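The sequence shown begins at 7 in the working numbering and counts up one residue at a time.
The C-beta atom is built at its ideal place from N, Cα and C for all residues, glycine as well.
Here the structure is a predicted model, which means the values were calculated and not measured.
Have a look at the structure below before the remarks.
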Amino acid sequence: VIIRLGEPPLRGPLMTCKKMKLLKVYVSSTDRINHVLLYEIIAKKAKDFGIAGATAARAMLGYGPSSVLRDTRFFELVEKYPVIMEMVDTPEKIDQFLEKELLPFLENQPKGCMVYTFDVDVHLAKMGDTKIKKCQCEE
């Protein structure tokens with residue numbers, strides 16, 4: 007699952023290295039709050055807060071405090087697997103989002119999760135060509 011949100015933290019086709027912060031959140035694919043997937047709620051909160059970008063990706067294998075190893079190779083009636091969310095922006099913006107929005111929200115939920123950050127060097131961040139090119143087909 008890829009959720010495209012917000013504007014890139016850097017503009018233009020080529021840039022020098024910029025110090026950013028990466029926020030990672032681990033949740034379960036089956037976690038829901040009021041019938042909405044938890045990772046979708048987090049992505050919406052990040053977008054509303056103005057975080058530059060977010061991605062939610064399904065993990066192939068993992069386990070957490072429950073010590074139940076989840077693997078996508080085996081069929082389960084309910085497909086439960088880890089979802090890794092990554093969000094990137096300036097250190098100040100990520101810290102504000104964590105303090106004011108994400109941590110208070112997650113701390114008051116019954117769902118398990120893990121949240122951590124680390125500093126990253128963004129070497130390139132650019133938007134692709136979003137123009138729709140029409141096919142010149144002969145009839």
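- Query: Going along the chain, which unbroken runs of the beta strand (DSSP E) with 3 or more residues stay wholly within the segment 22 to 59?
  - Reply: 24 to 34
Quick check on the DSSP output: the alpha helix (DSSP H) that includes Glu-113 runs from which residue to which? Taking the sequence shown and counting its residues from 1, the one referred to as residue 113 is at position 107. Its alpha helix (DSSP H) spans residues 109 to 113.
Checklist entry - Just the Cα atoms here: how many angstroms apart are Glu-85 and Val-94? => result Here residue 85 is taken as the residue at index 79 of the sequence shown, counted from 1. Here residue 94 is taken as the residue at index 88 of the sequence shown, counted from 1. So the alpha carbons of these two residues sit roughly 28 Å apart.
- Query: Mind checking Pro-157: buried by the 16 CB within 10 Å criterion, or exposed?
  - Reply: Since the first residue shown for the chain is 7 and the last is 145, residue 157 is missing from the structure and cannot be characterised.
Can you give me the Cβ contacts of Tyr-122 inside the same chain, cut-off strictly under 6 Å, excluding the 5 residues immediately before and after it? Within the sequence shown, residue 122 is the residue found at index 116, counting from 1. If we look at Tyr-122 and ignore the five residues flanking it on each side, its Cβ neighbours are Lys-30.
Would you please state the rounded distance, in angstroms, between the beta carbons of Lys-117 and Asp-54? I believe it to be under 8 Å. Stepping through the sequence shown from its first residue, residue 117 is reached at position 111. Stepping through the sequence shown from its first residue, residue 54 is reached at position 48. Actually they do not touch by this definition, with Cβ atoms about 20 Å apart.
Rank His-41, Pro-110, Ala-65, Glu-92 by C-alpha distance to the C-alpha of Ser-34 and give the top, closest one.
Indexing the sequence shown from 1 puts residue 34 at position 28. It is Ala-65 whose Cα lies nearest to the Cα of Ser-34.
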